[in-house]
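Before any comments, here is the structure.
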Amino acid sequence: MPPELHTMLLSAVSPFDAGVSALKLKIMRDHSGSPERPNRTAAVLVPVLDKPEPEILLTVRSESLQQHPGQVSFPGGSADDTDRSAVSTALREAEEEIGLDFSQVSPLGFLDRLDTISDYRVLPVVGLVRPSFVWQPDHREVAEVFTVPLHLAVDHKQYSHQEVVYGGKTHVVSSLHWHGHRIWGITAAILLNFGRRIERSICEAADVNYGR
């Protein structure tokens, strides 16, 4: 990956030492009749393959899973008692789901938190993955692993939007179609948030350079 791109990614994420509470919160659910905070928390890894043309790594969930079978997602899941932090949760789940060893990924920072319509608070962790990584999916959880060019995955112009009804409420859902895969829901929301952060990082860098 070109050094300037690595610098841009670092400036687009929130540093770990800033703390989770400092992150913005995007609410994708209706609060009426439910507690303000979702009952469950989860963390996902947003894996960026460290290539000259970086790629986002995504999974297709197994059809045998009870929750969201067959949907495109990031590696991740709920925290357990052994996890020291959200980063630990994301890395552990990635190792379990796609065989990503801790030594092959460098966590960069957080994206914004999201409260989902399925009553989860999700914290995305961006990680830079070595280009030599060969995924080994656990097929009990993951049916397929594929990649999307980073520049395309975070480009809001590539997405379509439609209204869906869930739990008696109407929600706007974003979707990206890539080689037969539909990337939508929370996964699309995370990618779009990543894209907005990258755009802001580029604009801020341009302002600094212009002011010199």
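Sequential numbering from 7 applies to the sequence shown in the numbering used here. Note that the Cβ used here is the ideal one computed from N, Cα and C, for glycine as well.
Check: Tell me which same chain residues have a C-beta within less than 6 Å of the C-beta of proline 130, skipping the five on either side of it?
Finding: Val50, Val52, Leu117 and Ile196
Next item on the list: Just mark threonine 13 as buried or exposed, buried being the case when its beta carbon has 16 or more other beta carbons within 10 Å.
Entry: exposed
Next item on the list: Classify proline 155 as helix, strand or coil using the three-state DSSP reduction.
Entry: strand
Next item on the list: Would you please state the rounded distance, in angstroms, between the beta carbons of valine 66 and glutamate 150? I believe it to be under 8 Å.
Entry: 4 Å
Note to self: Please state the DSSP three-state secondary structure of glycine 82.
What the structure shows: strand
Margin query: I'd like the list of long-range same chain contacts for aspartate 56, defined as Cβ closer than 7 Å, with 5 residues on each side in sequence excluded.
Written below: Met7, Leu134, Val135, Arg136 and Pro137
Margin query: Counting C-beta neighbours from all protein chains within 10 Å, is the total for threonine 176 16 or more, i.e. buried, or is it exposed?
Written below: exposed
Margin query: According to DSSP, simplified to helix, strand and coil, what is aspartate 23?
Written below: helix
Check: Got a sec, what are the start and stop residues for the beta strand (DSSP E) glutamate 169 sits in?
Finding: 166-172
Notebook entry, point to check: Which value, in whole angstroms, describes the spacing of the CA atoms of alanine 211 and isoleucine 204?
Noted result: 11 Å
Next item on the list: Report buried or exposed for glutamate 61, applying the criterion of at least 16 other Cβ atoms within 10 angstroms of its Cβ.
Entry: buried
Item checked: Straight-line gap, leucine 198 to lysine 163 (C-alpha atoms, nearest Å) -> 10 Å
Check: Helix, strand or coil for arginine 119 per DSSP?
Finding: strand
Notebook entry, point to check: Is valine 2 buried or exposed, if buried means 16 or more other CB atoms sit within 10 Å of its CB?
Noted result: For residue 2 there is no data in the structure shown, the boundaries of the chain being 7 and 218.
Notebook entry, point to check: How about glutamate 226 and glutamate 101: do their beta carbons lie closer than 8 Å?
Noted result: In the structure as shown, the chain begins at 7 and stops at 218. Residue 226 is therefore absent and cannot be evaluated.
Check: Does DSSP classify threonine 88 as helix, strand or coil?
Finding: coil
Checklist line | Collapsed DSSP secondary structure at histidine 12 in the structure displayed | finding: helix
Checklist line | Exposed unless 16 or more other CB atoms sit within 10 angstroms - verdict on aspartate 121 | finding: buried
Margin query: Please list the terminal residues of the continuous beta strand (DSSP E) segment that includes valine 66.
Written below: 61-67
Check: Taking all protein chains shown into account, do 16 or more other C-beta atoms lie within 10 angstroms of the C-beta of serine 166, making it buried, or fewer, making it exposed?
Finding: exposed
Margin query: Tell me the rounded alpha-carbon separation between arginine 90 and arginine 127.
Written below: 17 Å
Notebook entry, point to check: Can you tell me whether DSSP reads valine 140 as helix, strand or coil?
Noted result: coil
Notebook entry, point to check: So the beta strand (DSSP E) leucine 51 belongs to, where does it begin and stop?
Noted result: 46-55
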